[in-house]
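Report on the structure given below.
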Amino acid sequence: MSECEKESFFDAWRTYAKVVEGDYMFHREIGAAVGNALRARFGDRPFSLLDLGCGDAATLAPTLAGLTLSRYKGVDLSATALDIARENLKALPCPVELAKADLLDGLAEDGAFDAIHASFSLHHLPTELKAEFFRRAAALYEEGVSLIGDADYVGALGKLSKALEIDPSFADAHKAMGVCYAHLQEADKGAYHYEQYLKLNPGADDAAQVRRMLTDFYKTQANE
Ligand SMILES: C[S@@+](CC[C@H](N)C(=O)[O-])C[C@H]1O[C@@H](n2cnc3c(N)ncnc32)[C@H](O)[C@@H]1O
Numbered sequence: 001m002s003e004c005e006k007e008s009f010f011d012a013w014r015t016y017a018k019v020v021e022g023d024y025m026f027h028r029e030i031g032a033a034v035g036n037a038l039r040a041r042f043g044d045r046p047f048s049l050l051d052l053g054c055g056d057a058a059t060l061a062p063t064l065a066g067l068t069l070s071r072y073k074g075v076d077l078s079a080t081a082l083d084i085a086r087e088n089l090k091a092l093p094c095p096v097e098l099a100k101a102d103l104l105d106g107l108a109e110d111g112a113f114d115a116i117h118a119s120f121s122l123h124h125l126p127t128e129l130k131a132e133f134f135r136r137a138a139a140l141y142e143e144g145v146s147l148i149g150d151a152d153y154v155g156a157l158g159k160l161s162k163a164l165e166i167d168p169s170f171a172d173a174h175k176a177m178g179v180c181y182a183h184l185q186e187a188d189k190g191a192y193h194y195e196q197y198l199k200l201n202p203g204a205d206d207a208a209q210v211r212r213m214l215t216d217f218y219k220t221q222a223n224e
């Protein structure tokens, strides 16, 4: 990047930073909601997070500082934003990795993450790449379901949780995870995923059936 390009990038970034600071795009509320969601999902368990289009991570860094993060990876196309992010993320008590890459490539990397965060970045993708982003979630779901058919429940759980990292509102992936945990006789985790399925899809055709399976899980839990 030439000096002139760097200067104009900083001007644009300074303007964006003022917007964030003034909470004109509700970063404060989003940061609090993300913190609550991560706390509810992971509690005291350590978790890793992939931040796609992290920018300078100015909102996420303080949110993550109070959580049990075991690894953070930020992906962004802008090296300059990543330099600022490195400073902002200094206080995190876990390994921090920052990669200058396209967010779809960041998603393609292997290495399982417990959570994926993308804030005000997906809209930068053209429509067909947005579709590709969610297709990847669906592909992982299909793969997970075929592994259930092969009775590889542990393998299926790996694929399905990756699909849910990409799209946490993917109701069918929750149901499929409930099925895997039923076979693995892990009632607590199974109940959690059936509950999520019903929450996301209360009017589903099979809601009554899933509620019955959930009741079976509760009975197993009560007898343990
Ligand atoms: C509006 S900023 C959001 C930054 C931060 N996530 C936030 O919520 O404040 C969008 C960020 O996405 C990055 N970005 C845009 N398109 C990208 C792509 N295709 N791959 C990776 N990063 C991208 C930009 O460089 C910028 O840092």
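Residue numbers (the working numbering): 1 to 224. Ideal placement from N, C-alpha and C gives every residue a C-beta, glycine not left out.
Tyr311 - DSSP class collapsed to helix/strand/coil:
An answer regarding residue 311 cannot be provided, because it is not within the stretch 1 to 224 covered by the chain.
Please report the distance separating the alpha-carbon of Gln196 from that of Asp206.
Cα to Cα, the separation comes out at about 14 angstroms.
Tyr181 vs Lys189 beta-carbon contact at 7 angstroms:
Going by C-beta atoms, Tyr181 is nearer than 7 angstroms to Lys189.
Going by the DSSP bridge assignment, what does Ser48 pair with across the sheet?
Ser48 is bridged to Arg71.
Entirely enclosed alpha helix (DSSP H) segments - the segment 9 to 63, minimum 4 residues:
As summarised for the segment 9 to 63, the continuous alpha helix (DSSP H) elements at least 4 residues long and confined to that stretch are 27 to 42, given in chain order.
Along the chain, where does the alpha helix (DSSP H) containing Lys189 start, and where does it finish?
In the DSSP assignment, Lys189 falls within the unbroken alpha helix (DSSP H) covering Ala187 to Leu200.
Segment limits, beta strand (DSSP E) that includes Ala115:
For Ala115, the enclosing beta strand (DSSP E) stretches over residues Ala115 to His117.
Following the continuous beta strand (DSSP E) through Ala222, name the residue where it begins and the one where it ends.
Counting along the chain, Ala222 falls outside any beta strand (DSSP E), though it belongs to the alpha helix (DSSP H) covering Ala207 to Asn223.
Tell me whether Ala37, by its Cβ, gets closer than 6 angstroms to a heavy atom of ligand 1.
Within the chosen limit of 6 angstroms, ligand 1 does not reach the beta carbon of Ala37 with any heavy atom.
Length of the line joining the Cα atoms of Leu140 and Asp152:
For Leu140 and Asp152, the gap between their C-alpha atoms comes out near 15 angstroms.
Under 8 angstroms, with one C-beta from each stretch per pair, do the segment 27 to 45 and the segment 115 to 123 reach the 3-pair mark?
By the criterion of at least three beta-carbon pairs nearer than 8 angstroms, the segment 27 to 45 is in contact with the segment 115 to 123.
Nearest neighbour of Asp150, chosen from Asn88, Leu103 and His183 [CA to CA]
For the residues Asn88, Leu103 and His183, the minimum Cα distance to Asp150 belongs to His183.
Return helix, strand or coil for Ala99, following the three-state DSSP convention.
It is a strand residue.
Alpha carbons only, please: which of Leu98, Glu29 and Ser169 is nearest the one belonging to Lys73?
The option with the nearest alpha carbon to Lys73 is Leu98.
Any heavy atom of ligand 1 inside 6 angstroms of the beta-carbon of His123?
Not under cutoff, so the answer is no.
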